[in-house]
Amino acid sequence: MKTKKYRGILLLSVLALGMLGQATLSFAEEENSVNSKGDIYFYEDTRPELPVDPEDPDKPVAPEEPTDSTEGPLSIDYVPNFHFGSRRIAVSGMTYGAKYNRMKPVKIYEKNEAGEFVPATRFNRESLKEGEELEKLSEVTENRDQLYYKVKVYEDDKLKEESYLPITHILKEGEKLEYDDNLELVRHYVQVSDKRGSSGKWELKVKQDSQFTGNRVKDEETNEMYKLDGAVLRLAAAEDGAIVGNSQNGGVKPEDILGVNMQEINIEPGEAQVVMKYGAESSTGGIGTWVYRFGKAPYDKKAEWEQKYNGSYKDAVKKDLGVEAPGVTNQLQILPRWYPDNKEGVTLEVPAGANPQKDTLYETKLTWTLATAE
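Read in order, the letters of the sequence shown are residues -28 to -1, 1 to 346 in mature numbering (1 follows the signal peptide of the UniProt record, and there is no 0).
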């Protein structure tokens, strides 16, 4: 009887275990789900872009002579003035090169191990140690979020505060950056940015509004001014490497941005000429910041020409030519002969019959237009 009793208990235990296993299996097969969301909202970036170093398009600079720029998702960031300097009157026709422009590099900082802001070695010559070489920003763009500007905020022309902000920060009203005191020579260039986030095409045109006109009256009765009849302003052809972009251009290659016809551009009064355009079919379009560089980079950004005369340009002209420059207030318009020319990039051809007048400053206005293209 005892044996039967124990067997019954064993059977009940096995049955109970089997039932428990079925219950567990039934619970594991049950599934419930709910939804959540992820989202992001985009809007147009209409902030103006800073001019960049034409030799290193990731590095911002300040032109010695600022020019107009535009705002919006498709913007002209920088266009150059072309100064051909002080020239002796020639009997025959002459071709003159535009004088190189100058820029101030923006001071860039990084944090050291102690969390202090110090000049970034790879961008500031003064922080280099003996034997070290200056790296280009394009080689370290992955660390852009670790680089900073020193931004000074002014109110009523008085310094209110200063702070260090990432170099991706775009200046707001009242904010100014800290620049290097040294001006460096740069070749002439134009800079445009496309931040539309679409595959739209665009083109940049330039038009000379009128012929070079003097600041002296030729005919008192008609008030006609002297002009450089037949003078032609030319921009060099877009050779290999003439067009470059910054590191934020998302897959668009410089070869997709075309210098029209790959030939020199003759700028004639009243006629708009296409300088640069993006016309390729692409999912990203001509997105990014683009620079069209004319001619070759100066042989030395801080060459010995700076030591030629330790004074104003106007005094230098007087010393060089033995003449005054009446009626001239912008000294960059009368740069002396020895100031380096960008003759391979921008030229002005003055034919023999133009008959330039002595003590006369000739000027023209150029209109640059950036627009969507067909």
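A virtual CB, placed ideally from N, CA and C, is assigned to each residue, including glycine. In this text, all values refer to a predicted model and were calculated from it rather than measured experimentally.
- When C-alpha distances from residue 24 are compared across 185, 158, 209, 250, the shortest belongs to 158.
- For residue 244, the enclosing beta strand (DSSP E) begins and ends at 244 to 250.
- The residues 16, 45, 46, 257, 259, in chain order, have a CB closer than 8 Å to that of residue 168 in the same chain once the five nearest residues on each side in sequence are set aside.
- The Cβ atoms of residue 180 and residue 304 do not sit closer than 7 Å to each other.
- Check the Cα spacing between residue 246 and each of 58, 343, 214, 139: the tightest is with 343.
- Residue range 237 to 239 is occupied by the beta strand (DSSP E) that includes residue 238.
- Look at residue 86 here: in three-state DSSP terms it is coil, with no helix or strand label.
- The Cβ-Cβ distance between residue 264 and residue 173 does not fall below 7 Å.
- Taking the Cβ atoms as the reference, residue 318 lies roughly 19 Å from residue 62, outside the contact range of under 8 Å.
- Under the criterion of beta carbons closer than 8 Å, residue 36 and residue 66 do not qualify as touching, at roughly 26 Å.
- Assigned with DSSP and collapsed to three states, residue 180 falls in strand.
- Within the same chain, and ignoring the five residues on either side of residue 18 in sequence, the residues whose Cβ sits closer than 8 Å to its Cβ are 43, 44, 45.
- Sequence-distant Cβ neighbours of residue 341 in its own chain, meaning closer than 6 Å and more than five residues away, are 177.
- Runs of the beta strand (DSSP E) spanning 3 or more residues and lying entirely within the region 131 to 166 occur at 147 to 149, 156 to 158, 161 to 166, in chain order.
- Here residue 58 is buried, its C-beta having at least 16 other C-beta atoms within 10 Å.
- Pairwise C-beta distances place the region 134 to 153 out of contact with the region 200 to 216, as fewer than three of them are shorter than 8 Å.
- Where residue 28 is concerned, the enclosing beta strand (DSSP E) starts and stops at 28 to 35.
- For residue 202, there is no enclosing beta strand (DSSP E), since its DSSP letter is neither H nor E.
- For residue 188, the enclosing beta strand (DSSP E) stretches over residues 185 to 191.
- Just measuring C-alpha positions, the residue of 300, 261, 311 sitting nearest residue 28 is 261.
- Assignment of residue 215 by DSSP, reduced to helix, strand and coil, places it in the strand class.
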